[in-house]
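Under the working numbering, the very last position in the sequence shown is 862; numbers go up by exactly one each time. By construction, the Cβ of each residue, glycine as well, lies at the ideal position given by its N, Cα and C atoms. None of the values given here were measured: they were computed from a predicted structure. Have a look at the structure below, then the notes.
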Amino acid sequence: MIPELRAGFNRRFSPEGYASLLALLEVRCGTRVAYRVAETPIFLPLPLLEQMAAAGAEMTHRLMGNPAYLAAARQAIPAGYRVAGETAHPNFLTADFALVREQAGEQVGGLAPRLVEIQAFPSIYGYQDVLCTAYRDAFGLPDTLGSFLGGLNAAGYWELLARTVLAGHEPENVVLTELDPMNQKTWPDFEVTARRLGIAVVDIRSLEAVGNKLYYRDAGGLQVAIHRIYNRAIADELMARKIRLPFDLTQAWDVEWAGHPDWYFLISKFSIPWLSRPPAAHPMVPPAVFVSGFLEGPGRAELAAAGVILPSQTGPATAYGELLLKPLFSFAGKGIQFDPTQAELEAIPAERRGEFLLQQRMRFAPTIETPHGLTQAEIRILYLWPDGGRLTPALSLVRLGRGKMMGVDHNRNQEWVGASAAFFPNGPGAITALSQ
């Protein structure tokens, strides 16, 4: 998207450089990265990244300032997953954006960001910094290319992450919890985070409850009190696998949460229909409605009024090519369905139709020139919000793909796709240094 940088990188690329990138990641993460890493980062103008970062923050504040929305979102939290001690705000937030072509009559306009989804849940904050540094070192990217947002540098980024996770507690009393963490693809991030912050990574099923306190076992088998939990266990995986935890999530425990579990539900895909209509409507959010409203209420009319093209005739075989069917509480693109039919929508039990939404399908603009053709980019803004602090965009994460879905699991057996990073010119010599 910055032609001189793109052409310069492609011209200087070598398979040896890519092999060096993968080797650096393995050494610096202390483990193999199980998902595909793209051969290239992307180069974006800083104002575009700042536009997306500002939009995600604005959407979040609109939601949090809407009591009707928050009340409805709390009602949608599944039974047994409403956790005591809900915090005043989430500690972590991610906002994913597609880049689409703006249409002006018959003229194709420029690129514009559109929200894919927003989620108050941690992402791979530790690993992503390592990835940016590895791209820089493996391919000789100049220091005049920046990667941190919010006015941060590397030291400020890690200080903010530590403040958000630890909140002043001793590292030995803070744990990163996940379900079977060593077998998760995010294990490299856990390793990096644990080493940098000095915290332990533990299986959430191994926590021990004594009275109203929680404990974990250290490497020597000693029982250690937990004062704060950096929660990485995804609720939909716990539900799907019918995991029974050794402690009741709904009970009031003498523990703090870095990333209180309620926020996974409170700011999620549940918010998208609210963000696409007044009073919280945001111009970057594509029209969306709940399936319940589409089949039994004004949802179909609302989508049509918003300009979504819908079939004029409706029957069991009617396919909605301009809509995506999404489960509300799922991660990494699980359960998303293209071209849902009327019969498939009606097959969802009436009592569960509020758990799915229909969102206008966005056509990602292929914008990244690669040896394998134009490639699409989805850009995630990573925010940190420490207790008592402010919501800060800190770093971006990129997925490159050439298929319908952008996740790394959906672009297998391809090259120049996968997990990536974004850099922006941060000085007058940035473009010249790489384009030569």
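Got a sec? Which residues, its chain only, sit under 8 Å from residue 532 by beta carbon, not counting five neighbours each side? Sequence index remark: in the sequence shown, residue 532 carries index 106 (1-based). Summary for residue 532: the model assigns pLDDT 37, below 50, so the residue's position carries little reliability, and this model does not support an answer.
Need the endpoints of the beta strand (DSSP E) that residue 405 sits in, please. The chain is shown only over 427 to 862; residue 405 falls outside these bounds and no answer can be derived.
Buried or exposed by the 16-neighbour rule on C-beta atoms within 10 Å, applied to residue 522: Locating residue 522 in the sequence shown gives position 96, counting from the first residue. The residue in question, residue 522, is buried, as its Cβ has 16 or more Cβ neighbours within 10 Å.
Would you identify the three-state DSSP class for residue 473, choosing helix, strand or coil? As a position in the sequence shown, residue 473 is number 47, starting the count at 1. Here residue 473 sits in helix by DSSP.
Since residue 455 and residue 604 are thought to touch, with beta carbons under 8 Å apart, how far apart are those beta carbons, to the nearest angstrom? For the purposes of this step, residue 455 is taken as residue 29 along the sequence shown, with counting starting at 1. For the purposes of this step, residue 604 is taken as residue 178 along the sequence shown, with counting starting at 1. That pair is no contact at about 16 Å.
Secondary structure of residue 563, DSSP reduced to three states: For the purposes of this step, residue 563 is identified with residue 137 of the sequence shown, where counting begins at 1. Of the three classes helix, strand and coil, the one that applies to residue 563 here is helix, per DSSP.
Would you call residue 478 buried or exposed, if buried means 16 or more other Cβ atoms sit within 10 Å of its Cβ? Numbered from 1 along the sequence shown, position 52 holds the residue referred to as residue 478. Classification for residue 478: buried.
Across which residues does DSSP place residue 657 in a beta bridge pair? To locate residue 657, count along the sequence shown from 1; it is residue 231. DSSP output for residue 657 lists 603 as bridge partner(s).
Given residue 452 as reference, the closest of 583, 515 and 615 once Cα atoms are compared: Locating residue 452 in the sequence shown gives position 26, where the first residue counts as 1. Selected option, being the one with the closest Cα: 615.
Where the alpha helix (DSSP H) through residue 617 begins and ends: What you label residue 617 is simply residue 191 of the sequence shown in a count that begins at 1. First-last of the alpha helix (DSSP H) with residue 617: 613-623.
Taking Cβ to Cβ, would you say residue 633 is nearer than 7 Å to residue 672? The count along the sequence shown starts at 1 and reaches residue 633 at position 207. The count along the sequence shown starts at 1 and reaches residue 672 at position 246. Against a cut-off of 7 Å, the Cβ pair of residue 672 and residue 633 comes out as a contact.
Could you give the first and the last residue of the continuous alpha helix (DSSP H) run that contains residue 720? On the sequence shown, residue 720 is found 294 positions in, with the first residue counted as 1. Residues 717-722.
Going by beta carbon distance, what residues of the same chain come within less than 6 Å of residue 534, once the five residues before and after it are set aside? Translated into positions along the sequence shown, residue 534 becomes position 108. Interpretation of residue 534 is limited by its pLDDT of 42, a score under 50 that renders its predicted location unreliable; no figure is taken from the coordinates.
Write down every uninterrupted run of the alpha helix (DSSP H) in the segment 637-719 whose length is 4 residues or greater and which is fully enclosed by it, in chain order. 661-666, 688-692 and 698-701
Whole-Å CB distance - residue 517 paired with residue 811, under 8 Å assumed: Start at 1 with the first residue of the sequence shown, and residue 517 comes out as number 91. Start at 1 with the first residue of the sequence shown, and residue 811 comes out as number 385. About 5 Å; that satisfies the 8 Å criterion.
Between the C-alpha atoms of residue 376 and residue 543, what's the straight-line distance to the nearest angstrom? Because the chain in this structure spans residues 427 to 862, residue 376 falls outside the shown range and cannot be described.
Limits of the alpha helix (DSSP H) - the one that residue 627 falls within: As a first step, residue 627 is located in the sequence shown; it is residue number 201 there, counting from the start. Counting along the chain, residue 627 falls outside any alpha helix (DSSP H), though it belongs to the beta strand (DSSP E) covering 626-629.
Let me know if residue 653 comes out buried or exposed under the rule of 16 or more other beta-carbons within 10 Å of its beta-carbon. The sequence position of residue 653 within the sequence shown is 227, counting from 1. By the neighbour-count rule (16 or more Cβ atoms within 10 Å), residue 653 is buried.
Alpha carbon to alpha carbon, how far is residue 704 from residue 724? Translated into positions along the sequence shown, residue 704 becomes position 278. Translated into positions along the sequence shown, residue 724 becomes position 298. So the two alpha carbons sit approximately 15 Å from each other.
Span of the alpha helix (DSSP H) around residue 501: As a working mapping, residue 501 is identified with position 75 in the sequence shown. Residue 501 -> alpha helix (DSSP H) spans 493-501.
Are residue 558 and residue 847 close, meaning C-beta to C-beta below 7 Å? In the sequence shown, counting from the first residue as 1, residue 558 sits at position 132. In the sequence shown, counting from the first residue as 1, residue 847 sits at position 421. Cβ distance < 7 Å, so residue 558 and residue 847 count as in contact.
For residue 675 and residue 503, I'd like the C-alpha separation in whole angstroms. Within the sequence shown, residue 675 is the residue found at index 249, counting from 1. Within the sequence shown, residue 503 is the residue found at index 77, counting from 1. Between residue 675 and residue 503, the C-alpha separation is close to 13 Å.
Determine the closest residue to residue 816 out of 430, 514 and 432, with distance taken between C-alpha atoms. Position 390 of the sequence shown holds residue 816. The shortest Cα separation from residue 816 among 430, 514 and 432 belongs to 514.
Could you have a look at residue 787 and say whether DSSP puts it in helix, strand or coil? Indexing the sequence shown from 1 puts residue 787 at position 361. Coil at residue 787, not helix or strand.
Residue 761: which of 695, 656 and 798 sits nearest, CA to CA? To locate residue 761, count along the sequence shown from 1; it is residue 335. Selected option, being the one with the closest Cα: 695.
Alpha carbon to alpha carbon, what distance is there between residue 691 and residue 735? Mapped onto the sequence shown, residue 735 falls at position 309. Mapped onto the sequence shown, residue 691 falls at position 265. Taking the straight line from one Cα to the other gives about 30 Å.
With DSSP as the reference, please indicate the residues paired to residue 848 in a beta bridge. The residue you call residue 848 lines up with position 422 of the sequence shown. In DSSP, residue 848 forms a bridge with 468.
May I ask you to report which of helix, strand or coil DSSP gives residue 508? For the purposes of this step, residue 508 is identified with residue 82 of the sequence shown, where counting begins at 1. Residue 508 falls in the coil class under three-state DSSP.
Coarse secondary structure for residue 526, derived from DSSP in three states: Position 100 of the sequence shown, counted from the start, is the residue given in the question as residue 526. Strand at residue 526.
Do residue 849 and residue 469 have their beta-carbon atoms positioned less than 7 Å apart in this structure? Position 43 of the sequence shown, counted from the start, is the residue given in the question as residue 469. Position 423 of the sequence shown, counted from the start, is the residue given in the question as residue 849. Yes, Cβ-Cβ distance for residue 469 and residue 849 is below 7 Å.
Where does residue 534 fall in DSSP's three states? Position 108 of the sequence shown, counting from 1, holds the residue named residue 534. Confidence is the limiting factor: at residue 534 the pLDDT is only 42, short of 50, which leaves the residue's position unreliable, though a coordinate-based value still follows. Looking at residue 534 - three-state DSSP - the assignment turns out to be strand.
Spatial neighbours of residue 429 within its chain, please: C-beta separation below 6 Å, excluding the five flanking residues on both sides. For the purposes of this step, residue 429 is taken as residue 3 along the sequence shown, with counting starting at 1. Hits under 6 Å: none found.
Residue 561 and residue 471 - do their beta-carbons sit closer together than 7 Å? Counted from its first residue, the sequence shown places residue 471 at position 45. Counted from its first residue, the sequence shown places residue 561 at position 135. Their beta carbons are not under 7 Å apart, which means residue 471 does not touch residue 561 by this criterion.
Is residue 577 helix, strand or coil by DSSP? Stepping through the sequence shown from its first residue, residue 577 is reached at position 151. Three-state DSSP puts residue 577 in coil, outside helix and strand.
Residue of 490, 651 and 551 minimising C-alpha distance to residue 596: Within the sequence shown, residue 596 is the residue found at index 170, counting from 1. Minimum Cα distance to residue 596 is reached at 651.
Quickly, what does DSSP pair residue 540 with across the bridge? List them, please. The sequence position of residue 540 within the sequence shown is 114, counting from 1. 524.
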